[in-house]
Every structure is written in C-alpha cells, then in structure tokens.
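Participant:
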Amino acid sequence: MAVRWLEDVRADDIDSVGGKGASLGELTDAGLPVPPGFVVTAGTYRSFIEDANIDDELFDAVEVDPEDSGALADAEAAAKDIILNTELPEHIRENILSSYDDLDDGQASVAVRSSATAEDLPDASFAGQQETFLNVTREDLVDRVKRCWASLFTQRAIYYREEQGFEHRDVDIAVVVQKMVDAEKSGVMFTSHPSTGAHEAIIEAAWGLGEAVVSGSVSPDNYHVDRDTGTVEEVSVADKKVMCVRDPETGETVEREVPEEKREQRVLSDEEILDLVAIGERVEDHYGEPQDVEWAMTDGDIYMLQSRPITTIDEDTEMTENGDTGDELVHGLGASPGIASGPARVVTKLDQLDKVGEGDIIVTKMTTPDMVPAMKRGAGIITDEGGMTSHAAIVSRELGCPAVVGATNATDVLQDDQIITLDGDRGTVTEGRTQEESERNPIEEARPTTPVKPMTATEVKVNVSIPEAAERAAATGADGVGLLRTEHMILSTNKTPERYIADHGEDAYVDELVSGVREVAEEFYPRPVRVRTLDAPTDEFRQLEGGSDEPHEHNPMLGYRGIRRSLDRPEVFKHELEAFKELYEMGYDNVEIMFPLVNDADDVRQARELMTEVGLDTEKRTWGAMIETPAAALSVGELAAEGIDFASFGTNDLTQYTLAVDRNNGNVADRFDELHPAVLDLIETAIETCREHDVATSICGQAGSKPEMVNFLVETGISSISANIDAVRDVQHEVKRVEQRLILDSVRD
Ligand code: PEP
Ligand code: MG
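Per full-length UniProt numbering, residue 1 is the first one in the sequence shown, and the count goes up by one each step.
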C-alpha cells in the first residue's frame, strides 16, 4: 500500500510516516479530534524512485561541491526536474487518488505537507522537508505530493547534507494528506506556561485559518486559563485587522480584511476556551508532557492540527515575588521588538562569546559581525552604545531577536548569570523573569509561513543586512529587497577588503560577495534584490585585520566611505562589480546595483564607466543611487541624466547630513529627526524631479518603517518603500490605507 490512514499510524511508525504523520496518528488513536487523512509513506517515495529507475540519476545529480553555488542551483533544478517529470507508477497514483476519494466522497480540499523521517538530521527545517500546500484539489494532488518529495533536494537541503556528511540516498520523506478544516476561528495553545511550566494554559485565537496567527500577520486575542481552578483568568482582545480564508472561486488561501464589526470582537467565549483547554489537557496527558498545539474551530467543532512538546520550559525559573518583573536596572532604546527573559552574559571580549548559550541575554558594549553566531543563539541583546541604525539594532531586527541598545552602562550594571527581562519595545531592562512569553518563541520560528499580503500599488520591500536573514525576510511577502547591505559579508571575514585580497586572492574576494548576495537573490527570485556596494566607515574597517592601514579620521561619518572610497580605489571596487557580473551570468537577473553616498552626477558617471569597464551592460541592468546627502537630493535631475533607473532615500544619512546630527552620537540623539521639515522638503523635491525624469523612487533608511513617513511618502508619490523585516506587514497595511484614502479623496473631489 502506498498510503496509511492516520487511524492506523502510531508513534513507532515514524520511519514510515515521519514525525508529523506519527504525531497525528497518535492523536487520532487517542480519540482526539483530528481532521481525517492519510500518509503517503516514505516507502512510497522510495519505490517511486527505485521502480522508475531514477534513483542513481537523482543522487548523481545532487552529488556536488556544496561551496559551488552554481552547481548547487543546478542540482536543485535537476532533481526537481527528474521528480516532477517522471510518471508516477499507475498503482501508486491509483492508491493515492482512491484514498483521496474515500475522504469525504472525493469532495475534500486537502492540506498536503511533507513529514520528515530523517532522525539523523537534527534540524529537519535545514533538511528542507518543510513544504506545505493548502486547499489542494484532486486534480493537483499527485503533483503536490511530488513537490513535497522534491523538497528533499532544495539547495539548502543538499548543502546541509553535503556539509554534515549525510548520504542523499539514506534520507526518505513521507507526505501527510489531510482534509482541510475551513476554520471560522483558529490559533495555537500552550497547554502549560511556555517558560515556567506553570499549570496555566495560554491560547491565541484569531478569525479564519491559522496561517494568519502562525505567520504573525495578525495580532491574536490572548487568553490565560488557570487549569487548577478551571477559570479564565485573563482575556486580552486584539484589534484583528486581517484574516486568512479560502477564496471560494480559486480555492486558494488569501488574506482578507476582517469585517469592521468583528475586528475588536472577542474570538472565543469562556465556554469555547474551556472546551479547548479540556482537549489540550487530553493531549498533554497522552504525551505525558506539556504541548504546543495548533487548533481550528468550525461549526462549534474543535480540531487538533498539530501538536509538539514545548521545549522552552525552564525548570530553574525563579519568578520575582508577584510573578511580574522587578526593578528597572538600565534603560536604552527599544531597537528590536519583543520581550525576552534569561540569564545575562556580559561579553567584553570576543573570546567570551562561547559562554552565550541558547536563551541567554547578550550584554555588550556594541555588537560586531563576529558576534552574529552568538546573537542567533541568544534570546535577547543589550548594548551600551548605538542607536536605531547601529549594527546591534539592524542585525537583531533581522534575526527577530528583542534588543535594547544605547543603554549606556549595561555592561557595568548587569552581572553574569543575573536573570533579567528586556523589553525591546519600551527599551527597559528589569530584574527577574517575565510571565509574558518572548516574541521569539519556537512556534513562530519552527513553522513555515504562507506569505499572504494586501495588494498595494506602491511596492513594499524589505531591508536585509545579513544573508542568513533572507528566508525570514522573504517570508514577509515583501515585493523584493530594497536594500541588501554588503558590509556584513566582508566584515564577517574579519579582514579589510585589501587584506582579504592580499591573503586569499581576487577570485576568493569576488566569491565571498557572490555567495552572500546569491543566498538572498535565490531566496527572493524572481523578486528584485537591490544590492548596495560597500559602505563601511574607516572606524569599522580599523577593527579588522588590515585595519591599521586605514586612514585616521576625526569624523568617519563625513569621511572616506561609500562611493568616495570606491572611486578612489577602483582596483578593489571593480571586484565588487565583477561579482555582479558573475551573478548575472549565473542567472540572477533579479539583482540590481545601488551606489551609496553619491553627491553628484560626476560620482554616478564614474561609477557607470567602471561598470562598463568590467563588462556590465548599463542599459540592460537596473542600477541607481542612494540619496543620502542634500547635494544628491538637489542634483537628482542630473543623476537621472547619467542614466540611473532609481533613486533610493537613505534617510539615516540624509537626516544626519541635513541636520548636522551625527547618527552615532548619543548627546544629540534627541535631535535626530527623519521627519524634520527640511528632510521632508528635500525628499519631496527629489521625488517630484524623479517623476519628471521617469526615475523610480524608494526609501531604504530606517524611517521607511515609520507610519508617519509612510503616509508622507505615499502621498508624495514614491514608487516603493523598503522596511525592516518586523515592520513589513504594518507598512503594507499602512500603504494600503493611504492609497485607499487617496482614491476616495479623488473620487469625492
Ligand atoms: C541610510 O543611510 O539611510 C542607509 C540606509 O544606509 P546605512 O544605514 O547603511 O548608512
Ligand atoms: Mg547610509
């Protein structure tokens, strides 16, 4: 048999049905309400490739050098091609389709999800076995099953197995096919408190299908239930702007605005909450440990869609007296949203990074690219220095890790092992642990998201500074990357470009850039990715190997950086341009080139000439300039005449240069105002000029994430807005609101 019904599956069938299949089988067996379904077993995948005799061809195709990015891309394409274009043996096709027909008389719309079997792979998401298709019909079912199989051979999965020394041959994959629940309401439930393990159930609920809650595109209602007394203790009703529903015409999952009267209406009644908790308790009893459960409700019936153990409970949790957090210890800028609690790890030297473990809070003067691996492990970040555009702030936001920056004396006041809570919205750091769960909980991290977004005429893009954040950035549903900073790719080698080239050669330098950019371009393809050439000030380069050769500058922000340095050192700059050429040759035609800190047409002309010198076709490729100085804003007409396709406002710099406020100087931080009339005036004038010259306009500074700025820019006629990862969703909605208002106004006039 090619398939096994969920009711016949148990936990020890994991090799055949994968983790997801086994868990759903267990829940079904325990009499819990699980939507009916079956699993296309791992054995079926195996017999497909063996019977069709494609196994050797397939495994040969993916046996590549993992460091050769072009070969990896080819391997993924080849594997997909082989799997999708090989006919499924008739008996397997029959078996899958007749099982489907037995589900709801062949009328069902089903969810098709891959179910990882590879026990040897510690992180199945890295193995690529995460494909999910919703609302699949009979017609598409076999194709979707094959696409789940093909997900074993994404570039990342191939790379991961090659790196870890796993054989592609040894890995199997199962596929769960389950009747879709057309949920009226849905959400997640922790059967016990996710950090303390207390006997308290926490439920998040929103209207429609669960994707909106899981992807974070809606703020759900939140309910707390004391399981000992069976009482609903806390109810917080959110303003739920959007919901995911099935489009009755196309059958696809789409995001819709919640009808006005339901937006602030409570999703679950007390009775429904208690019914849900009762089922949650049965799940917890069945597994013998607290669970994190995805649930859905339709016509008053509750369904369990997924259950997994909660891994975040800290046995040693010590709450402060009343369970709330204690006194404020330090205060800074809330730079990356979310709340995190854990032991402080004060890092004053790089060799102390090893002491940072999962769930710890890093406390340091200022983060550097070397710290990124530790930042990924940490639950939160606190720095003494820095503002909203500092390395710590930018990287934390991209990692989805709460952060407080510019807390002045955090490294003195906070002690190693001290349990603290930081609030990345308010900028506070308090004693003790909070009861509120951190935003960075495994629910959000582990689940694949379905990007659904409001349609807007103004494009909404996302900023990326570390290639590792590409997947998270792409999952926002952004229209592309409005700014990919390349500094991290070079600074993380811990060498200046000049030293890197001297030590490893020019080709290695080009490869370093190609592989960093490629990671993002691949993730977003075919959405455009605007890549900025190098722009690091000399004080940042000085900290690296080779940094002693950097010039000493009194004010590096006004100094040797961006296009000025590039044009002054064309022999180094040309290697950056060669990297673009290589990317285009590899097929990444979604890459665009952007030059930082230009002042005038002369800067642009020289850059364009160098592009031509390395063989880049400036007519064919999309390229442009950042508008970061008043000079550039005022001469954008001349820049247009040099052939730029776009101009992008770097408001971090444009603000500091317009107001003479050093963006890194805490003494004048309260004067740093991107909405200052002088800054807005420059932007408005430049947008008008660009519109006359048919040059696209964009913003990629931090201010693009602020609603007031978004309002101003959409009204002024900007073509696209690029926001931080965590702000993309809000910006999409804000843009839509402003656009609708403008349309209404024009009709009314
Ligand atoms: C800017 O100046 O607004 C910008 C986006 O560039 P950076 O912050 O990297 O200087
Ligand atoms: Mg800048």
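Cβ atoms here follow ideal geometry from the backbone N, Cα and C, with glycine treated the same way.
(1) Would you be able to state if there are at least three C-beta pairs under 8 Å between the region 189-204 and the region 218-237?
(2) Suppose only complete runs of 4+ residues qualify. What are the alpha helix (DSSP H) ranges in the region 368-441, listed by chain order?
(3) Using 8 Å as the threshold, is the region 177-188 in touch with the region 293-301, meaning 3 or more CB pairs across them?
(4) Given residue 237, which residues of its chain have a CB within under 7 Å of its CB, disregarding the five upstream and five downstream residues?
(5) Give me the Cα-Cα distance between residue 241 and residue 706, rounded to the nearest whole angstrom.
(6) Is residue 653 near the ligand MG, in the sense that its beta carbon is under 8 Å from a heavy atom of that ligand?
(7) Could you tell me whether the region 521-529 touches the region 626-646, where touching means 3 or more Cβ pairs closer than 8 Å?
(8) Can you confirm whether the region 484-496 touches the region 525-539 when touching is taken to mean that 3 or more C-beta pairs between the two stretches lie within less than 8 Å?
(9) By alpha-carbon positions, which one of 87, 737, 563 and 604 ends up nearest to residue 640?
(10) If you compare alpha carbons, which of 15, 510, 86 and 481 is closest to residue 50?
(11) Can the beta-carbon of residue 427 be found closer than 9 Å to that of residue 329?
(12) When the Cα of residue 62 is compared with those of 97, 3, 152 and 41, which residue comes out closest?
(13) Can you find the residues in the same chain that come closer than 8 Å, C-beta to C-beta, to residue 159, ignoring five residues on each side of it along the sequence?
(14) So for residue 666, helix, strand or coil by DSSP?
(15) Is the beta carbon of residue 113 less than 9 Å from the beta carbon of residue 182?
(16) For residue 302, which three-state DSSP category applies?
(17) In the DSSP output, what is residue 342 paired with across the bridge?
(18) For residue 146, which of helix, strand or coil comes out of DSSP?
(19) Contact defined as beta carbons within less than 8 Å: I believe residue 659 pairs with residue 673. What is the distance between those atoms, to the nearest angstrom?
(20) Give a yes or no on whether the C-beta atoms belonging to residue 40 and residue 456 are separated by under 9 Å.
(21) Suppose you measure from the CA of residue 733 to the CA of residue 432; what does that come to, to the nearest Å?
(22) Sorry if obvious, but does the Cβ on residue 491 come closer than 8 Å to a heavy atom of the ligand MG?
(23) Within 10 angstroms of its Cβ, does residue 476 collect 16 or more other Cβ (buried), or is it exposed?
(24) Any idea what DSSP makes of residue 190, helix, strand or coil?
(25) Cβ of residue 19 within 8 Å of any heavy atom in the ligand MG?
(26) Does the ligand MG have a heavy atom nearer than 8 Å to the CB of residue 628?
(27) For residue 556, is the beta carbon positioned less than 8 Å from some heavy atom of the ligand MG?
(28) For the candidate residues 388, 107, 95 and 211, whose alpha-carbon lies nearest to that of residue 133?
(29) At the level of alpha carbons, what is the spacing between residue 234 and residue 131?
(30) What ranges does the alpha helix (DSSP H) occupy inside the region 585-646, keeping only unbroken runs of at least 4 residues that lie completely in it?
(31) Thinking C-beta only, is residue 20 closer than 9 Å to residue 306?
(32) Could you tell me the distance, in whole angstroms, from the CA atom of residue 97 to the CA atom of residue 468?
(33) Ends of the beta strand (DSSP E) at residue 724?
(34) With distances taken from CA atoms, which of 653, 702, 730 and 638 is nearest residue 689?
(35) Note the first and the last residue of the continuous alpha helix (DSSP H) segment covering residue 489.
(36) Taking 9 Å as the threshold (C-beta atoms), are residue 343 and residue 360 in contact?
Facilitator: By the coordinates alone:
(1) yes
(2) 372-377, 391-399 and 410-413
(3) yes
(4) Along the sequence shown, one-based indexing puts residue 237 at 237. Hits under 7 Å: 221, 264 and 266.
(5) Here residue 241 corresponds to residue number 241 of the sequence shown, with the count starting at 1. Here residue 706 corresponds to residue number 706 of the sequence shown, with the count starting at 1. So the two alpha carbons sit approximately 18 Å from each other.
(6) Sequence index remark: in the sequence shown, residue 653 carries index 653 (1-based). Because some heavy atom of the ligand MG lies under 8 Å away, the Cβ of residue 653 counts as near it: yes.
(7) no
(8) yes
(9) Locating residue 640 in the sequence shown gives position 640, counting from the first residue. That would be 604, whose Cα lies nearest to the Cα of residue 640.
(10) In the sequence shown, counting from the first residue as 1, residue 50 sits at position 50. For residue 50, the nearest C-alpha among the options comes from 86.
(11) As a first step, residue 427 must be located in the sequence shown, where it is residue number 427. As a first step, residue 329 must be located in the sequence shown, where it is residue number 329. No, the Cβ-Cβ distance between residue 427 and residue 329 is not below 9 Å.
(12) Along the sequence shown, one-based indexing puts residue 62 at 62. When each option's Cα is compared against that of residue 62, the closest is 152.
(13) The residue given as residue 159 occupies position 159 in the sequence shown. Closer than 8 Å at Cβ, skipping near neighbours: 66 and 72.
(14) To locate residue 666, count along the sequence shown from 1; it is residue 666. Residue 666 falls in the helix class under three-state DSSP.
(15) Start at 1 with the first residue of the sequence shown, and residue 113 comes out as number 113. Start at 1 with the first residue of the sequence shown, and residue 182 comes out as number 182. In this structure, residue 182 does not lie closer than 9 Å to residue 113 by Cβ.
(16) Here residue 302 refers to the residue found at position 302 when the sequence shown is read from its first residue. In the structure shown, residue 302 sits in a strand (DSSP, three-state: E or B).
(17) Counted from its first residue, the sequence shown places residue 342 at position 342. According to DSSP, which records beta bridges pairwise, residue 342 is partnered with 420.
(18) As a position in the sequence shown, residue 146 is number 146, starting the count at 1. Note: residue 146 maps to helix in three-state DSSP.
(19) Looking up residue 659 in the sequence shown gives position 659. Looking up residue 673 in the sequence shown gives position 673. About 7 Å separates the two Cβ atoms, so the contact holds.
(20) Translated into positions along the sequence shown, residue 40 becomes position 40. Translated into positions along the sequence shown, residue 456 becomes position 456. Cβ distance not < 9 Å, so residue 40 and residue 456 don't count as in contact.
(21) Looking up residue 733 in the sequence shown gives position 733. Looking up residue 432 in the sequence shown gives position 432. C-alpha separation (whole angstroms): 36 Å.
(22) For the purposes of this step, residue 491 is identified with residue 491 of the sequence shown, where counting begins at 1. Checking the Cβ of residue 491 against the ligand MG gives no.
(23) As a first step, residue 476 is located in the sequence shown; it is residue number 476 there, counting from the start. It is buried - the Cβ of residue 476 has at least 16 other Cβ atoms within 10 Å.
(24) Start at 1 with the first residue of the sequence shown, and residue 190 comes out as number 190. Here residue 190 sits in strand by DSSP.
(25) Within the sequence shown, the letter at position 19 stands for residue 19. Not under cutoff, so the answer is no.
(26) Counted from its first residue, the sequence shown places residue 628 at position 628. Within the cutoff, so yes.
(27) What you label residue 556 is simply residue 556 of the sequence shown in a count that begins at 1. Flag unset: Cβ of residue 556 not near the ligand MG.
(28) Translated into positions along the sequence shown, residue 133 becomes position 133. Comparing Cα positions, the closest option is 211.
(29) Taking the first residue of the sequence shown as 1, we reach residue 234 at position 234. Taking the first residue of the sequence shown as 1, we reach residue 131 at position 131. Distance between the alpha carbons of residue 234 and residue 131: 36 Å.
(30) 601-613, 630-634 and 636-641
(31) Position 306 of the sequence shown, counted from the start, is the residue given in the question as residue 306. Position 20 of the sequence shown, counted from the start, is the residue given in the question as residue 20. For residue 306 and residue 20, yes; Cβs fall inside 9 Å.
(32) Counted from its first residue, the sequence shown places residue 97 at position 97. Counted from its first residue, the sequence shown places residue 468 at position 468. Answer to the nearest angstrom: the Cα atoms are 39 Å apart.
(33) Here the question's residue 724 lines up with position 724 in the sequence shown. Neither: residue 724 is in no beta strand (DSSP E) and is coded neither H nor E.
(34) Start at 1 with the first residue of the sequence shown, and residue 689 comes out as number 689. Residue 689 has its Cα closest to that of 638, out of 653, 702, 730 and 638.
(35) As a position in the sequence shown, residue 489 is number 489, starting the count at 1. Residue 489 -> alpha helix (DSSP H) spans 487-491.
(36) Position 360 of the sequence shown, counted from the start, is the residue given in the question as residue 360. Position 343 of the sequence shown, counted from the start, is the residue given in the question as residue 343. In contact: residue 360 and residue 343 (Cβ atoms closer than 9 Å).
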